[in-house]
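J.: Plus 23 on top of the position in the sequence shown (first one is 1) and you've got my numbering.
Submitted below is the structure of interest, expressed as structure tokens.
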Amino acid sequence: MRVEVKARNNSELIRKLSEVLNDEVTEVYINLRPTKEILVRILERAPNVRRISCPPSLYPKVSKKAINALAQMGIELVPEGYPRGRPRKYDESTIREVQDLLMNGVPPKEISARMGIPLRTVYYMIEQLGVRSWRE
Numbered sequence: 024m025r026v027e028v029k030a031r032n033n034s035e036l037i038r039k040l041s042e043v044l045n046d047e048v049t050e051v052y053i054n055l056r057p058t059k060e061i062l063v064r065i066l067e068r069a070p071n072v073r074r075i076s077c078p079p080s081l082y083p084k085v086s087k088k089a090i091n092a093l094a095q096m097g098i099e100l101v102p103e104g105y106p107r108g109r110p111r112k113y114d115e116s117t118i119r120e121v122q123d124l125l126m127n128g129v130p131p132k133e134i135s136a137r138m139g140i141p142l143r144t145v146y147y148m149i150e151q152l153g154v155r156s157w158r159e
């Protein structure tokens, strides 16, 4: 079983770990740097854990001794990237459809009306695609 624990500071993280971890947990994701205190809490509360992950930006700050000690116990500590920033509103197929319509001579205003996409967004897509032929 996988558990994700996110907190604003170490004390909040330790409190949350105590609440959610149990014998069934095998994977843990934490959003803060795994300090010795945090790692000990994870091992106390989830003795069957085999994988602990943290953000890639914090992984280099983890003690090599801690990583090696966990590895000797058969537990891997790995960086795990979660997508950052705002998710895209329009998928690749929608963007391709806009591009196809542009290439077939459909004006941006009509694309906006047909697809229900704001006109400003259509112009933004045109700019991002580098399409120049729609004006001709």
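Using N, Cα and C, we set each Cβ at its ideal position, and we do this for glycine too.
Predicted model only: the values in this text are computed from it and were never measured.
Can you tell which of Leu-44, Val-51, Asp-46 and Asn-33 has the C-alpha that lies nearest to the C-alpha of Thr-58?
T.: Considering only alpha carbons, the answer is Asn-33.
J.: For Cys-77, which residues of its own chain have a beta-carbon under 6 Å away from its beta-carbon, when the five flanking residues on both sides are left out?
T.: Only Ile-53 and Pro-57 meet the Cβ criterion.
J.: Would DSSP call Pro-102 helix, strand or coil?
T.: The answer is strand: DSSP assigns Pro-102 an E or B state.
J.: Would you identify the three-state DSSP class for Glu-27, choosing helix, strand or coil?
T.: DSSP places Glu-27 in strand when its eight states are reduced to three.
J.: Quickly, what does DSSP pair Ile-75 with across the bridge? List them, please.
T.: Beta-bridge pairing links Ile-75 to Val-51 and Leu-100.
J.: Assign Met-148 to one of two classes, buried (16 or more other C-beta atoms within 10 Å of its C-beta) or exposed (fewer than that).
T.: Label assigned to Met-148: buried.
J.: Are Val-145 and Pro-131 closer than 7 Å when you measure CB to CB?
T.: Contact flag set, yes.
J.: Whole angstroms is fine: what's the gap from Pro-102's alpha carbon to Lys-39's?
T.: In a straight line, the C-alpha of Pro-102 is about 21 Å away from that of Lys-39.
J.: What three-state label does DSSP hand Leu-152 in the structure shown?
T.: Leu-152: helix per DSSP, three-state reduction.
J.: When you compare the CB positions of Gln-122 and Leu-142, do they come within less than 7 Å of one another, or not?
T.: Contact: no.
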